[in-house]
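Residue numbers (my numbering): 44 to 414.
Where a beta carbon is used, it is the ideal one built from N, C-alpha and C, also for glycine.
Keep in mind the model is a prediction, meaning the values are calculated, not measured.
One structure is given here, and the rest of the page talks about it.
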Ligand SMILES: [Zn+2]
C-alpha cells in the first residue's frame, strides 16, 4: 500500500464534517484524496475517479452533494479526487493543470518520473488493490455540448455502464496515456464526459449517473429496461483528432482573421454531436489551407484528406461527420486538439446485450482493429 500514500484517505466522513459549499470542500481536501464510503455490501466495491483535470468540477460537485445527503452506496465506493492543487489555483476550477505540471490524463500508460507520475502510479495501485467491479472517470468537456462516454476497448460491459450516464458511447482506438487505456487492472474503466463545465445539465448528468452506478445491486443489469422501453445506444467508432500543425495559428471569431491559419466560429461547440454534412463549412482557412492542420488517426497517420477538403478558403467535411470535443478554448486547441471527428459510416445504433453478467474482462476485450 506504500504507493497509495500519494493520496490522503478519508473514510466515511460524517455529514456534519462536510462544508456546505464545494469550494470549501475542495479547500478542506487540500491534497489528492481517496474517499471511502462503506456500502450495504462491503464484500464488493466500485471506484470513481474525478478531477483528473482541475477545471472539470461536475464529478466533485456530485460527490460533495452525495456526502451532504448522507448517501449510502449499495457496495463500498471509493472516490479518487486527483488534481486538487490545480483545481485550487485561483480562480478556482479554471486550470486543467498548472504548468510546469502536465496533463494528468496523459500519464497512465507509461511510467513517468516526478510527483505526477507517482500520483498516476498510486492511483493504479489503489485500483489494483481494491479490485472494483468497474471504474468511472468523470470529466467535463472544454466546450459546451451533450454528455457522452468513452471507452478504449470493445466489451459488452460498456454497453451496460455507459447508459447509466448517457446514450452516446465512443469506442476509441487512439492512445494518449489516459486512465481508461489501462487494460491490466482487471476491471473496465469508462470515461464520462458530462458536458461543459458551466452547463447545469452536466452536474445533473454526473450526480444522477453516479447515483445509479453506486446504488445498482448488479451493474450488468443496472441500465436494462424492458425490451419495448429499451433505448438504442449511439455508438461511434474510430474517432480521429484534428490538431494544428507546429507553428500554425488559430483564432475564434465570426469573420475570418487576416493571416491566421484557421478561424473557427466562436460558437463552433454547437457542432458537438450534430451532423456535419459535406455542404456545411466549419471554419475559414488561411493561405496554407489544409496544410496548417493534421487529422491524426489511431496509427498516428495524418488522414485529413479522407475527412476534410478546402474550398473557397473554407474547411468542409469531405464525408458526413459527427464532431465532438469541439473546443472553444484557444489554449486547449493549441496544446491538445481542436476537435474529434467520426465518419457517420462508423456510427451505429446498437442495443445492449441482455446477459445479466459480464464475461471475464480480459478474455472479453475484443480486437479493435477487426471492428
Ligand atoms: Zn478531462
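Go through its chain and collect everything with a Cβ distance to residue 242's Cβ below 7 Å, but skip five positions before and after it. 187
Just verifying my parser: in three-state terms, what is the DSSP assignment at residue 401? coil
Residues near residue 208 by beta carbon distance below 7 Å, same chain, minus five either side: 190, 192, 235, 248, 252
For the beta strand (DSSP E) that residue 51 lies in, which residues bound it at each end? 51-54
Closest residue to residue 51 among 63, 67, 79, 378 (Cα-Cα distance): 79
Residue from 202, 278, 95, 244 with nearest C-alpha to residue 129: 95
Closer than 5 Å from C-beta to any heavy atom of ligand 1: which residues, in chain order? 96, 99, 182
Is residue 237 helix, strand or coil when you go by DSSP? strand
Rounding to the nearest angstrom, what Cα-Cα distance links residue 114 and residue 260 in this structure? 15 Å
Contact check, residue 257 vs residue 376 under 8 Å by CB: the rounded distance? So it is not a contact: roughly 35 Å between Cβ atoms.
By DSSP's criteria, residue 61 is part of a beta bridge. Which residues make up the other side? Bridge partners of residue 61: none, in fact.
With a Cβ-Cβ cutoff of 8 Å, do residue 92 and residue 162 count as a contact? no
Please determine, among 157, 297, 121, the residue with the shortest C-alpha to C-alpha distance to residue 90. 121
DSSP three-state call for residue 385: helix, strand or coil? strand
Buried or exposed: which applies to residue 54, given that a residue is buried once 16 or more other Cβ atoms fall within 10 Å of its Cβ? exposed
Assuming the contact rule is C-beta atoms closer than 8 Å, residue 319 and residue 308 should be a hit. Round their C-beta distance to whole Å, please. Not quite, the Cβ-Cβ distance comes to about 12 Å (not below 8 Å), so this is no contact.
Tell me, please, which residues DSSP counts as bridged to residue 431. Residue 431 lies beyond the residue range present for the chain, which begins at 44 and ends at 414; the question has no answer from this structure.
Tell me the DSSP secondary structure of residue 294 in three-state form. strand
Could you round the C-beta distance between residue 393 and residue 275 to whole angstroms and report it? I think they count as a contact, below 8 Å. 6 Å
Which of the three DSSP states is assigned to residue 38 in this structure? Examination of residue 38 is not possible in this model, given that the chain is present from 44 through 414 alone.
On the three-state DSSP scale, how would you describe residue 206? helix
With distances taken Cα to Cα, identify the nearest neighbour of residue 214 among 278, 356, 230. 278
Output yes or no for whether 8 Å exceeds the beta carbon distance between residue 102 and residue 139. no
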